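Just so you know, the sequence shown maps onto residues 108 to 452 in the numbering used here.
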Amino acid sequence: MSSQFRIRKPWKWVAALACAALAMAAATTTALAKPPQEGSGDLEVIQVRPNLYMIAGAGGNIAVQIGPIGVVLINSGREEMADKVLAVVKKLTDLPIRYIINTSGDADDVGGNAKLSKAGRTILQGAVGQSGVTEEVINNGGAASVLAHENVLLRMSAPTGKVSPFPEDDWPTKTYAFQKGYAMALNGEGIIVKHMPNAHSDGDSLVLFRHADVIVTGDVYDNTRFPVIDVEKGGSIQGEIAALNTLLDLTIPPVPFPWEEGRTLLIPGHGRIADDSDLVEYRDMITIIRDNVQDYIKSGLTLDQIKKADPAKAYRPRYGADTGSWTTDMFIEAIYKDLTERKGK
Ligand SMILES: [Zn+2]
Numbered sequence: 108m109s110s111q112f113r114i115r116k117p118w119k120w121v122a123a124l125a126c127a128a129l130a131m132a133a134a135t136t137t138a139l140a141k142p143p144q145e146g147s148g149d150l151e152v153i154q155v156r157p158n159l160y161m162i163a164g165a166g167g168n169i170a171v172q173i174g175p176i177g178v179v180l181i182n183s184g185r186e187e188m189a190d191k192v193l194a195v196v197k198k199l200t201d202l203p204i205r206y207i208i209n210t211s212g213d214a215d216d217v218g219g220n221a222k223l224s225k226a227g228r229t230i231l232q233g234a235v236g237q238s239g240v241t242e243e244v245i246n247n248g249g250a251a252s253v254l255a256h257e258n259v260l261l262r263m264s265a266p267t268g269k270v271s272p273f274p275e276d277d278w279p280t281k282t283y284a285f286q287k288g289y290a291m292a293l294n295g296e297g298i299i300v301k302h303m304p305n306a307h308s309d310g311d312s313l314v315l316f317r318h319a320d321v322i323v324t325g326d327v328y329d330n331t332r333f334p335v336i337d338v339e340k341g342g343s344i345q346g347e348i349a350a351l352n353t354l355l356d357l358t359i360p361p362v363p364f365p366w367e368e369g370r371t372l373l374i375p376g377h378g379r380i381a382d383d384s385d386l387v388e389y390r391d392m393i394t395i396i397r398d399n400v401q402d403y404i405k406s407g408l409t410l411d412q413i414k415k416a417d418p419a420k421a422y423r424p425r426y427g428a429d430t431g432s433w434t435t436d437m438f439i440e441a442i443y444k445d446l447t448e449r450k451g452k
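Put into structure tokens, the structure is as follows:
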């Protein structure tokens, strides 16, 4: 088993620069650092805060929070990467995995659920007899709990169309419903799981580490490309923009001291760690493209004509990674479908 990886230094802004402009320039340089390569088989481990790490390269980004009670994982990566992810976690701490939270039901976020939860241990073990905890309460065969929005379980257990169901071992063991969130006090940290309705899908959650001031955004924010709007799974452009605005409301900018490190850090679904200014740019970009498509629809253009008119032109060089499974045309088509179908309702 390969456990070769390197841990990058904590997120370091150039400290104590007297000039804010210089500091911002330095931040931009950091921001443009090459994102980790997915699919290369190598994992990259980045220390985001003293007790919080990001693992990149296992599918979607994985967040690892470590505290006295054990490990909380946000997402579990692709199935075939689970052994490598586990090796990384074991190298970071001897403590067991206690909780996995899924930000969506995508295969690159939930694929390691079975293996990683079984490698862990239920948080309620040893609590039998206390405060009404019975053996039945300890479900999942003593493995770590897996939490997601209930739509994730619905999709994973009975997906529609060509997609075959995920094995039961991968399913969430605990769900929360509707637009309500789920909150936990774990490892001396306030963890808030919040639903973002009909954005990338209908089961998106963001996970806010309130003390560490880190938000794990899920695929609503993917700074490697235009956001994947999974219309088949209930995604929509309007929900996507609403979700980015919700994220922005929760993201504290480096004000009033932009040269200091204090700010909310964002672990995106894919790509590099970001902050408020990156998110503002992304939200604005998505909003502008949505408005462009809307204008073309109003002028009576067909989908093909809109694609030719290239409403995302200005952003293609940065976000139009047309080599992957999500092309700019697919993004435009998802916006078009959402806007025209909405209009007909
Ligand atoms: Zn993803």
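Here a beta-carbon is modelled for each residue, glycine too, at the ideal position from N, C-alpha and C.
In this text, all values refer to a predicted model and were calculated from it rather than measured experimentally.
Beta-carbon gap between residue i and residue j smaller than 7 Å
i       : j       : result
Asp-309 : Met-303 : no
Leu-180 : Gly-164 : no
Gly-346 : Ala-306 : yes
Tyr-403 : Ala-416 : yes
Val-323 : Val-314 : yes
Val-178 : Leu-202 : yes
Gly-174 : Asn-294 : yes
Leu-193 : Val-321 : no
Met-161 : Ile-299 : no
Ser-183 : Gly-219 : yes
Asp-215 : Arg-185 : yes
Leu-372 : Val-155 : yes
Leu-357 : Arg-390 : no
Gly-378 : Gly-325 : no
Val-152 : Ile-207 : no
Exposure label - residue i; buried when at least 16 CB within 10 Å
i       : result
Ala-255 : buried
Leu-129 : Because Leu-129 carries a pLDDT of 40, less than 50, the predicted location of this residue cannot be relied on, and no value is offered for it.
His-318 : exposed
Ser-406 : exposed
Thr-136 : Confidence at Thr-136 is low in this model, with a pLDDT of 38, below 50, so the placement of that residue is unreliable and no value is reported for it.
Glu-187 : exposed
Val-217 : buried
Lys-198 : exposed
Ala-134 : At Ala-134, the pLDDT of 41 sits below 50, so the modelled position is not reliable; the number obtained from the coordinates is stated separately. Label assigned to Ala-134: buried.
Ala-140 : Caution is warranted here: a pLDDT of 42 is assigned to Ala-140, below 50, making its placement in the model unreliable, and no coordinate value can be reported.
Arg-332 : buried
Gly-342 : buried
Arg-262 : buried
Ile-393 : buried
Glu-367 : exposed
Ala-251 : buried
Ala-132 : For Ala-132, the pLDDT reaches just 40, beneath the cut-off of 50, and the residue's location in the model is therefore unreliable, although a value from the coordinates is still provided. The residue in question, Ala-132, is exposed, as its Cβ has fewer than 16 Cβ neighbours within 10 Å.
Thr-431 : Reading off the sequence shown, one finds Gly at residue 431, where the question assumed Thr. Exposed.
Asn-209 : buried
Pro-143 : For Pro-143, the predicted structure reports a pLDDT of 48, less than 50, and the residue's modelled location is therefore unreliable. A value from the coordinates is still provided. Buried, because 16 or more other Cβ atoms sit within 10 Å of the Cβ of Pro-143.
His-413 : One point to set straight first is that residue 413 is Ile, not His, in the sequence displayed. Under this definition Ile-413 is a buried residue.
Gly-297 : exposed
Ala-421 : exposed
Gly-369 : exposed
Tyr-328 : buried
Pro-361 : buried
Ile-359 : exposed
Paired residues, beta bridge with residue i - DSSP
i       : result
Phe-316 : Ile-298, Val-321
Asp-160 : First, the amino acid is wrong: residue 160 is Tyr here, not Asp. DSSP lists Gln-154, Val-171 as partners of Tyr-160.
Ser-252 : Tyr-206
Ala-290 : Ile-299
Gly-166 : Paired residue(s): none; Gly-166 is not in a bridge.
Leu-180 : Val-171, Ile-207
Thr-282 : Ala-255
Asp-356 : Asp-356 pairs with nothing; no bridge assigned.
Ile-336 : DSSP, once it has assigned bridges, lists no residue as partnering Ile-336.
Ile-114 : Val-152
Ala-276 : According to the sequence shown, residue 276 is Asp rather than Ala. In the DSSP output, where bridge partners are listed per residue, Asp-276 has none listed.
Asp-329 : His-377
Distance cut-off 6 Å: residue i Cβ against heavy atoms of ligand 1
i       : result
Gly-346 : no
Asp-411 : no
Asp-311 : no
Gly-369 : no
Gly-376 : yes
Gly-60  : This structure cannot speak to residue 60, because the chain is shown only from 108 to 452.
Asp-215 : yes
Asp-326 : yes
Worksheet item: Where are the alpha helix (DSSP H) runs, 4 residues long or more, that stay fully inside the segment 371 to 446, in chain order?
Response: Those alpha helix (DSSP H) runs which fall completely within the segment 371 to 446 and span 4+ residues are 383 to 405, 410 to 416, 423 to 426.
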